[in-house]
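K.L.:
Quick note: the sequence shown, position 130, residue 239 per my numbering, numbers continuous. Note that the Cβ used here is the ideal one computed from N, Cα and C, for glycine as well. Here's a structure for you.
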Amino acid sequence: MDMNTAIALSRLTAQQRAMDVTATNIANAGTPGYQGERTVFADWLAREKGGATIAFTQDRATYRDTQPGPLSHTGNPLDVALSGQGYFTVRTAAGTRLTRAGHFELSSTGGLIDGLGNPVLDTAGKPIRFAPADTHITIAGDGTISSQNGRIARLAVVTAADPQKLQAQGGRLFDPTNTTTAPLANPRLTQGALEGSNIEPTTELTRMMTDLREFQFTSQFIQAEADRQQAAIDKIIQARN
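In structure tokens, the structure reads:
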């Protein structure tokens with residue numbers, strides 16, 4: 110493979126990665142609590158034998174935009190929105206996971222669950238449960254859940270030491286294995302509201318169109334370079350015949 114093609118292929122790989130990330134953002138534009146992702150690319154410099162410097166495109170990282178999404182009031186007493194930093198905790202089959210999606214429901218057995226059916230945890234790390242007589246549910250700004258019969262539990266809200274090390278699982282959950290978490294001292298919650306995705310669909314669609322044009326241009330360049338090389342080979346073969 111010649112150097113021009115190798116450089117173009119590195120760029121093509123980066124552009125494909127950028128489109129994949131943008132497509133995921135667009136697909137989750139309506140997912141409560143979704144945090145968009147961005148790619149970071151850089152030039153990787155190499156020196157040829159003749160001394161010339163060439164630059165490959167290197168996929169350095171994918172980072173998460175942790176800015177909160179807009180709040181919308183739903184009137185559902187089990188919907189809870191976080192203002193500022195913090196994550197709710199839920200229990201999955203794979204262990205404890207974090208989420209910003211506060212669309213909670215009651216299970217058939219009286220447990221508080223998220224939209225995926227995972228039990229929502231309290232500050233003691235236990236699933237939150239309601240008695241059949243608990244009908245008038247209130248959730249205070251600090252996460253304390255009460256009914257007409259008194260206090261029930263307090264929603265666990267934690268922070269991550271390094272949010273960028275949280276591993277996204279789908280559009281709603283984060284695996285905190287690669288970082289440490291701690292209880293948030295003064296969480297700010299709003300009952301009857303949901304945090305939306307922090308994705309702006311129009312911006313993402315524009316970015317996708319730009320990425321696609323660049324991808325097509327690079328693909329055309331690689332094809333043109335392949336055609337040029339083939340033409341040169343054909344001329345050499347003809348000259349020898």
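Just list the residues that DSSP pairs R200 with in beta bridges.
P.N.:
Answer by DSSP bridge pairing, in chain order: T205.
K.L.:
Taking only runs of the beta strand (DSSP E) that begin and end inside the stretch 291-336, which ones reach a length of at least 3 residues, in chain order?
P.N.:
Counting only runs of 3 or more, we get 298-300, 302-304.
K.L.:
Under a three-way DSSP split, which group does Q278 fall into?
P.N.:
DSSP places Q278 in strand when its eight states are reduced to three.
K.L.:
CA-CA distance, R263 and G193?
P.N.:
Taking the straight line joining both Cα atoms gives about 18 Å.
K.L.:
Is the separation between the beta-carbon of L303 and that of V266 shorter than 8 Å?
P.N.:
No, they are not a contact pair.
K.L.:
Roughly how many angstroms separate the alpha carbons of T183 and G301, rounded to a whole number?
P.N.:
Approximately 5 Å between the Cα atoms of the pair.
K.L.:
Determine, using beta carbons only, whether Q325 and R173 come nearer to each other than 8 Å.
P.N.:
Not closer than 8 Å, so no.
K.L.:
Use the C-beta contact count for V130: other C-beta atoms within 10 angstroms, 16 or more gives buried, fewer gives exposed.
P.N.:
With 16 or more other Cβ atoms within 10 Å, it is buried.
K.L.:
Rounded to whole angstroms, what is the Cα-Cα separation between G259 and T175?
P.N.:
Answer to the nearest angstrom: the Cα atoms are 35 Å apart.
K.L.:
Give the secondary structure of A269 by DSSP, where H, G and I count as helix, E and B as strand, and everything else as coil.
P.N.:
In this structure, A269 counts as strand in the three-state DSSP scheme.
K.L.:
In whole angstroms, what is the alpha-carbon distance linking P236 and H212?
P.N.:
So the alpha carbons of these two residues sit roughly 16 Å apart.
K.L.:
If we count the other Cβ atoms within 10 Å of its Cβ and call it buried at 16 or more, is P296 buried or exposed?
P.N.:
Buried: at least 16 other Cβ atoms inside 10 Å.
K.L.:
Just to confirm the assignment, what range does the beta strand (DSSP E) spanning V229 have?
P.N.:
No beta strand (DSSP E) contains V229, which DSSP labels as neither H nor E.
K.L.:
What first and last residue would you give for the beta strand (DSSP E) that runs through L187?
P.N.:
Counting along the chain, L187 falls outside any beta strand (DSSP E), and DSSP gives it neither H nor E.
K.L.:
Provide the residue span of the beta strand (DSSP E) that contains T253, from first to last.
P.N.:
Where T253 is concerned, the enclosing beta strand (DSSP E) stretches over 253-256.
K.L.:
Please report the distance separating the alpha-carbon of V229 from that of L121.
P.N.:
C-alpha separation (whole angstroms): 42 Å.
K.L.:
Which residue wins for smallest C-alpha separation from T286, given the options L275, G280, G279?
P.N.:
For the residues L275, G280, G279, the minimum Cα distance to T286 belongs to L275.
K.L.:
By Cβ distance below 7 Å, which residues in the same chain neighbour D271 in space, the five residues on each side in sequence not counted?
P.N.:
For D271, where only same-chain residues beyond five positions count, the Cβ hits under 7 Å are T288.
K.L.:
I'd like to know whether the C-beta atoms of G195 and N307 end up nearer to each other than 8 Å.
P.N.:
Not closer than 8 Å, so no.
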